[in-house]
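Asks: Numbers 3 to 204, taken from the working numbering, label the letters of the sequence shown in order.
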Amino acid sequence: KFDKPIELVRIPEQQTSTEYQPRNVGNGRLLGIELEFRKDLDFISFFRNNFQLSGNYTLIRSQVDMTEKEFNSRKTFEKTGEIIKDQRQMAGQAPYVINAGLSYSHVESGFDAGLFYNVKGKTLTIVGAGLFPDIYIEPFHSLNFSANKTIGRNKNSSIDLKITNILNEDTENFYQSYNAKNQLYSKFKPGQSFSLGLTYKF
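1. Does Phe2 pass the burial test, meaning 16 or more other C-beta atoms within 10 Å, or should it be called exposed?
2. I'd like the list of long-range same chain contacts for Gly205, defined as Cβ closer than 6 Å, with 5 residues on each side in sequence excluded.
3. Quick one, which of Ala131, Ser144, Val99 and Phe39 has its alpha-carbon nearest Thr125's?
4. On a Cα-Cα basis, can you pick out the residue from Asn150, Arg40 and Ala115 that is closest to Asn158?
5. In this structure, does DSSP put Ser179 in helix, strand or coil?
6. What did DSSP end up calling Ser105 once you bin it into helix, strand or coil?
7. Could you round the C-beta distance between Ile128 and Leu145 to whole angstroms and report it? I think they count as a contact, below 8 Å.
8. Could you tell me which residues DSSP pairs with Val129 in its beta bridges?
9. Please report how far the alpha carbon of Ser179 lies from the alpha carbon of Thr60, in whole angstroms.
10. For Glu174, which three-state DSSP category applies?
11. Is it right to say Lys122 is buried, meaning 16 or more other beta carbons lie within 10 angstroms of its own, or is it exposed?
12. Anyone know if the C-beta pair for Gly34 and Arg63 falls short of 8 Å?
13. Pull up the distance between the alpha-carbon of Val109 and that of Ala115, whole angstroms please.
14. Along the chain, where does the beta strand (DSSP E) that runs through Ser75 open and close?
What follows is the structure in structure tokens.
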């Protein structure tokens, strides 16, 4: 349970701007379940015994009690067929999270590598008010690769390679309201990044 958590909220009095403020809202609740697995792939001859597949799935139900001010603001602009309840999703809390990874490790040669995937479900980021709908961030599919190789006679050096956002995904936030097409609020292009580093331990 959360006692009046702080969320980024649209200021209902400012109907012609995009002004937001962090404010305490009603009490919140979270209920979730997590499933995790880890399996060596030695039963597949191609992978031999150096590969491992791992992952976890988290399903979360979040709920926040609307303040009287928020509820009345939503009721004022209620659309035909829309049902306004006095509870909603908690801002910043994804309904699900998925992580998966394929890793390789060869102790004798000092080489490790892995390909890792992560995604979060559509998440409420800014609480709307009045004429202004809620803003949600769309799922961002993150795929990253990393590799490390120990080198040197004393194994005191290593080469590291990292590649992030292999899928070159964008971060997108949308206005979402009842029975209406989503409208883009913001879009950010993090781009892909590559890094190669050398570490030496004295």
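Every residue gets a Cβ at the ideal spot worked out from N, C-alpha and C, and that includes glycine.
Replies: On the basis of the coordinates in this document:
1. The structure shown does not extend to residue 2, since the chain spans only 3 to 204, so no value can be given for it.
2. A question about residue 205 goes unanswered here, because the residues of the chain that appear run from 3 up to 204.
3. The residue you call residue 125 lines up with position 123 of the sequence shown. The shortest Cα separation from Thr125 among Ala131, Ser144, Val99 and Phe39 belongs to Val99.
4. To locate residue 158, count along the sequence shown from 1; it is residue 156. Looking at the Cα atoms, Asn150 is the closest of the given residues.
5. Within the sequence shown, residue 179 is the residue found at index 177, counting from 1. If DSSP states are grouped into helix, strand and coil, Ser179 belongs with coil.
6. Taking the sequence shown and counting its residues from 1, the one referred to as residue 105 is at position 103. Strand.
7. Here the question's residue 128 lines up with position 126 in the sequence shown. Here the question's residue 145 lines up with position 143 in the sequence shown. So it is not a contact: roughly 27 Å between Cβ atoms.
8. Your numbering for residue 129 matches position 127 in the sequence shown. The partner list for Val129 (beta bridge, DSSP) reads Val11.
9. For this step, residue 179 is matched to residue 177 along the sequence shown. For this step, residue 60 is matched to residue 58 along the sequence shown. Roughly 26 Å between the two C-alpha positions.
10. The residue labelled residue 174 in the question sits at position 172 within the sequence shown. If DSSP states are grouped into helix, strand and coil, Glu174 belongs with the strands.
11. Taking the first residue of the sequence shown as 1, we reach residue 122 at position 120. With 16 or more other Cβ atoms within 10 Å, it is buried.
12. Walking along the sequence shown from the start, residue 34 turns up at place 32. Walking along the sequence shown from the start, residue 63 turns up at place 61. For Gly34 and Arg63, yes; Cβs fall inside 8 Å.
13. On the sequence shown, position 107 is the one that residue 109 refers to. On the sequence shown, position 113 is the one that residue 115 refers to. Going by the C-alpha atoms only, they are around 12 Å apart.
14. Working through the sequence shown from its first residue, we reach residue 75 at position 73. Looking at the DSSP string, Ser75 is not in any beta strand (DSSP E); the run it does join, the alpha helix (DSSP H), is Glu70 to Thr78.
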